[in-house]
Amino acid sequence: MQKNPTRDELLQFIRDAVTDPEFSRATFAGAARGAAAEWVRVVARPVELRGERHVQFAYYGAKKVVTKNFAPDQIDEPLTELLLIGFAGVHISTRTEEIDVRTSRKGKVLIGRRTMGEPRAAEITTHNRVKDVPLPEGRADHLLEVMGVANAEGVVRPTMRAKFTQINEFLKQLTHALDDTDLTKLNREIEILDCGCGSSYLTLAAHHYLNDVLHVPARVLGVDVNDEVIRKSMDRADRLGAVGLNFECRRIGTADVRADIVLALHACDTATDDALAQAVRSEAKLLLSVPCCHHDLNKVIRAEGVLRPVLRHGIMLQRTADLVTDAFRALALRIMGYRTDVVEFVATEHTPRNLMIRAVRGGGAGRAEATAEYQEMKRFWGVTPYIEKALGEPFQQLVKATPL
Ligand SMILES: C[S@@+](CC[C@H](N)C(=O)[O-])C[C@H]1O[C@@H](n2cnc3c(N)ncnc32)[C@H](O)[C@@H]1O
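When we follow the working numbering, the leftmost residue of the sequence shown carries the number 660, and every step to the right adds one.
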C-alpha cells in the first residue's frame, strides 16, 4: 500500500484487515481531528452470531458504551463513519501481525506492520464455544444474565468485561488454592464468607462454580454495610433459586461467623484488614483477599531521610503506602500461622487493584523470624498498621513475646 493512501484506499485496507479470518482486534483511538467526537475509542473484534462471522464494534463514549454487530458485507458504513471521525491511530492485531495506522495533524497517513514470531491463538467469541474458564461466555447463561454481566444470549456487556474477567481469574485462584487444603474432603458443606460483597458478583459466581460446576457442596454468605447492595443481592439469589446462599447487611467482623474460606475482593481500605482478622478469628483454612484503596498509612508515613525523594511526591507516597500496607498484612498473617504469598491475580488492564493476598492456614503461629521482621518493619516506617489493631490482643501478644 502506498505511503499516503486516499480515504477509499484506507477504507479498503482496514476493511480487508477486519474481515480477514486472522483478524483478532482493532482499536480506533487518539485525539480526533476537528470537532469533539461522540466516541473516545472504538474497539472492533470478530464474533460469531448464528454460525456466521460478524465484526462487533464497541463504541466507548464519555459515559456510555454501545455495541453493534455487522456482517462482513455491511462493514463499509461503520468503517466510513469511523474514518470520518478521524481518530489519530488505528491499531489492528491479527493472529500473525500488528498493524499501526497513524494519521498526522496534517492528514498524512503512515502504516507500520510487524510480523509476530509465533502466531497467536485465534480470538473469536462464538455463541456455542465454551472457553476453558470457570464462567464461560458466548452461550445463554442464567447466572451471568441475573448478575447483569451478560445479555440473554450470553454476550458479555462491554461495561462488565473487566468485572467478568476479574471474577473468572479469582475463581481460578480459588480452585488452585483449594488443592492446597483438605476442604474438599470435609463431610459437610464448605462455609464461605465473602466480605464487602457489594453487588455480589463474586458471591454468586463462587456459589455456582463450587456447587454446580465443581460439585463441591458449599454455602456462601455475603456481608456488606450497604443495605441497597444487600437487597439487590438477595433479589438475585431469589431469582437464581440458589440454596445456601445468604446475605447480611453489617460491618465485617461484627458477628461470630464460622468460615472455612474467607474471600474479599476490593473491600475498601481497612475493611480488607477486618476481613483478614475475621479469617484468623474463624480459623479459616483459606483466605483470598484483593485489597482496594488504602488510606490509613498514607496519612502517617513521613517523607524523611533517604526516602524523602520518593515520598515527597503524592503518587509515589500512595504507591509506597499501598505496598507497605500489604507487606504488613502478609507478614501479620504469617505470624498468625498462615502460609502466605502475594500474587498478581489478573492483568492490570482489568483492574489496577490486582494484587492478591493468598493465605492457607498451617505454618505455626508466631514464628520468631516473622515477628522480628514485623517489629523491624514497624521501626523502619515509624507506623502501627491497622492490621495490628484488627487482629487485636492475640496478635499483639505474639509480637511482644519476641525479644528485640
Ligand atoms: C469496591 S466494592 C467491592 C464489591 C465486590 N466485592 C466486588 O468486587 O464487586 C467494596 C464494598 O465493600 C463494602 N464495605 C466497605 N467497608 C465495609 C465494612 N467495613 N464492612 C462491610 N462492607 C464494607 C462497600 O459497601 C462496598 O460494597
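Every residue gets a Cβ at the ideal spot worked out from N, C-alpha and C, and that includes glycine.
The model shown is predicted, which means the values in this text are computed figures rather than measured ones.
**Prompt:** So the beta strand (DSSP E) E963 belongs to, where does it begin and stop?
**Reply:** Here residue 963 is taken as the residue at index 304 of the sequence shown, counted from 1. Unbroken run through E963: none, as it is neither H nor E.
**Prompt:** Considering H801, what are the terminal residues of the alpha helix (DSSP H) in which it resides?
**Reply:** The residue given as residue 801 occupies position 142 in the sequence shown. Residues 801-806.
**Prompt:** Measuring CA to CA, which of E1008, P1011, A991, A1006 is closest to E1052?
**Reply:** Within the sequence shown, residue 1052 is the residue found at index 393, counting from 1. Ranking E1008, P1011, A991, A1006 by CA distance to the CA of E1052 puts A991 first.
**Item:** Candidates A1031, E1008, D853: closest to Q825 by CA position
**Value:** The residue labelled residue 825 in the question sits at position 166 within the sequence shown. When only C-alpha atoms are compared, the closest one is E1008.
**Asked** Taking 7 angstroms as the cut-off, does the CB of Y1033 come closer than this to any heavy atom belonging to ligand 1?
**Response** Position 374 of the sequence shown, counting from 1, holds the residue named residue 1033. Checking every heavy atom of ligand 1 against the Cβ of Y1033, none is found closer than 7 angstroms.
**Request:** Mark E887 as exposed unless 16 or more other C-beta atoms lie within 10 angstroms of its C-beta, in which case mark it buried.
**Result:** In the sequence shown, counting from the first residue as 1, residue 887 sits at position 228. Within 10 angstroms of the beta-carbon of E887 lie fewer than 16 other beta-carbons, which makes it exposed.
**Request:** State the Cα-Cα distance for the pair D928 and L803, rounded to the nearest angstrom.
**Result:** Along the sequence shown, one-based indexing puts residue 928 at 269. Along the sequence shown, one-based indexing puts residue 803 at 144. Answer to the nearest angstrom: the Cα atoms are 28 angstroms apart.
**Prompt:** For N1065, is the classification buried or exposed, using 16 other Cβ atoms within 10 angstroms of its Cβ as the cut-off for buried?
**Reply:** Outside the shown range of the chain, which is 660 to 1063, sits residue 1065, and nothing can be said about it.
**Asked** What's the gap between the Cα of V677 and the Cα of T686?
**Response** Here residue 677 refers to the residue found at position 18 of the sequence shown. Here residue 686 refers to the residue found at position 27 of the sequence shown. For V677 and T686, the gap between their C-alpha atoms comes out near 11 angstroms.
**Message:** Give me the DSSP bridge partner(s) of E1047.
**Reply:** In the sequence shown, the residue the question calls residue 1047 occupies position 388. Answer is none; E1047 lacks a bridge partner.
**Asked** Any heavy atom of ligand 1 within a distance shorter than 7 angstroms of the CB on N1013?
**Response** If you number the sequence shown from 1, residue 1013 lands on position 354. The answer is no for N1013.
**Item:** Under 8 angstroms between C-beta atoms of T630 and E681
**Value:** Nothing about residue 630 can be reported from this structure: the residues present for the chain run from 660 to 1063 only.
**Prompt:** Can you give the Cα-Cα distance for V815 and M1036, rounded to whole angstroms?
**Reply:** On the sequence shown, residue 815 is found 156 positions in, with the first residue counted as 1. On the sequence shown, residue 1036 is found 377 positions in, with the first residue counted as 1. In this structure, the CA atom of V815 is about 44 angstroms from the CA atom of M1036.
**In chain order, each alpha helix (DSSP H) run of at least 4 residues that lies wholly inside the region 817-866** = 820-837
**Request:** Leaving out five residues on either side along the sequence, give the residues of the same chain with a beta carbon under 6 angstroms from the beta carbon of A918.
**Result:** Position 259 of the sequence shown, counted from the first residue, corresponds to residue 918. Residues E850, L852, S941, A943 of the same chain have their beta carbon placed closer than 6 angstroms to that of A918, with the five preceding and five following residues left out of the count.
**Segment contact, 8 angstroms Cβ cut-off, at least three pairs: the region 905-918 with the region 854-865** = yes
**Host alpha helix (DSSP H) of V939 (start-end)** = Mapped onto the sequence shown, residue 939 falls at position 280. 930-940 is the span of the alpha helix (DSSP H), which, as asked, contains V939.
**Asked** What distance in whole Å lies between the Cβ atoms of N663 and V760, which are believed to be in contact at a cut-off of 8 angstroms?
**Response** As a working mapping, residue 760 is identified with position 101 in the sequence shown. As a working mapping, residue 663 is identified with position 4 in the sequence shown. With 8 angstroms as the limit, V760 and N663 do not qualify as a contact, their Cβ atoms being about 12 angstroms apart.
**DSSP state of E736 mapped onto helix, strand, coil** = Translated into the one-based positions of the sequence shown, residue 736 becomes position 77. Three-state result, E736: helix.
**Sufficient close CB pairs (3 or more, under 8 angstroms) joining the region 993-1001 to the region 1017-1037** = yes
**Request:** Reducing DSSP to helix, strand and coil, say where I911 ends up.
**Result:** As a position in the sequence shown, residue 911 is number 252, starting the count at 1. Three-state result, I911: coil.
**Prompt:** Cβ of A930 within 7 angstroms of any heavy atom in ligand 1?
**Reply:** Within the sequence shown, numbered from 1, the residue matching residue 930 stands at position 271. Correct: A930 has its Cβ closer than 7 angstroms to ligand 1.
**Message:** Do A930 and L881 have their beta-carbon atoms positioned less than 8 angstroms apart in this structure?
**Reply:** Here the question's residue 881 lines up with position 222 in the sequence shown. Here the question's residue 930 lines up with position 271 in the sequence shown. The displayed chain sequence assigns Gly, not Leu, to residue 881. No; because the gap between Cβ atoms is not below 8 angstroms, this pair is not in contact.
**Request:** Taking V714 as part of the alpha helix (DSSP H), name the residues at either end of that continuous run.
**Result:** By one-based count along the sequence shown, residue 714 stands at place 55. Counting along the chain, V714 falls outside any alpha helix (DSSP H), though it belongs to the beta strand (DSSP E) covering 711-719.
**Asked** Sorry if obvious, but does the Cβ on N846 come closer than 7 angstroms to a heavy atom of ligand 3?
**Response** Only ligand 1 can be found as ligands here, which leaves ligand 3 out of the picture.
**Item:** Cα-Cα separation between K958 and T913, rounded to whole angstroms
**Value:** Here residue 958 is taken as the residue at index 299 of the sequence shown, counted from 1. Here residue 913 is taken as the residue at index 254 of the sequence shown, counted from 1. Their Cα atoms are separated by approximately 26 angstroms.
**Request:** For L1082, collect the residues of the same chain with a Cβ closer than 7 angstroms to its Cβ; drop the 5 residues on either side in sequence, then sort them by chain order.
**Result:** Residue 1082 is absent from the structure shown; the chain starts at 660 and stops at 1063.
**Request:** Using beta-carbon positions only, say whether E1047 and Q1056 come within less than 8 angstroms of one another.
**Result:** Indexing the sequence shown from 1 puts residue 1047 at position 388. Indexing the sequence shown from 1 puts residue 1056 at position 397. Contact: no.
**Prompt:** Would DSSP call L922 helix, strand or coil?
**Reply:** The residue you call residue 922 lines up with position 263 of the sequence shown. Strand at L922.
**Prompt:** Which of helix, strand or coil does DSSP assign to V706?
**Reply:** Position 47 of the sequence shown, counting from 1, holds the residue named residue 706. V706 falls in the strand class under three-state DSSP.
**Message:** What does the Cβ neighbour count give for A821, buried or exposed, with the cut at 16 atoms within 10 Å?
**Reply:** The residue you call residue 821 lines up with position 162 of the sequence shown. Label assigned to A821: exposed.
**Request:** Report the rounded CA-to-CA distance for M806 versus A730, giving the unit in angstroms.
**Result:** Counting from one through the sequence shown, the residue named residue 806 turns up at place 147. Counting from one through the sequence shown, the residue named residue 730 turns up at place 71. In a straight line, the C-alpha of M806 is about 29 angstroms away from that of A730.
**Message:** Here's the rule I'm using: 16 or more other beta-carbon atoms within 10 Å means buried, otherwise exposed. How should H953 be labelled?
**Reply:** For the purposes of this step, residue 953 is taken as residue 294 along the sequence shown, with counting starting at 1. By the neighbour-count rule (16 or more Cβ atoms within 10 Å), H953 is buried.
**Request:** Please name the residue in T762, P876, I758, R1020 whose C-alpha comes closest to that of R772.
**Result:** Position 113 of the sequence shown, counting from 1, holds the residue named residue 772. Per the Cα distances, I758.
**Request:** Could you tell me if the beta carbon of R910 falls within a distance shorter than 7 angstroms of some heavy atom in ligand 1?
**Result:** Taking the sequence shown and counting its residues from 1, the one referred to as residue 910 is at position 251. Yes, the beta carbon of R910 sits closer than 7 angstroms to at least one heavy atom of ligand 1.
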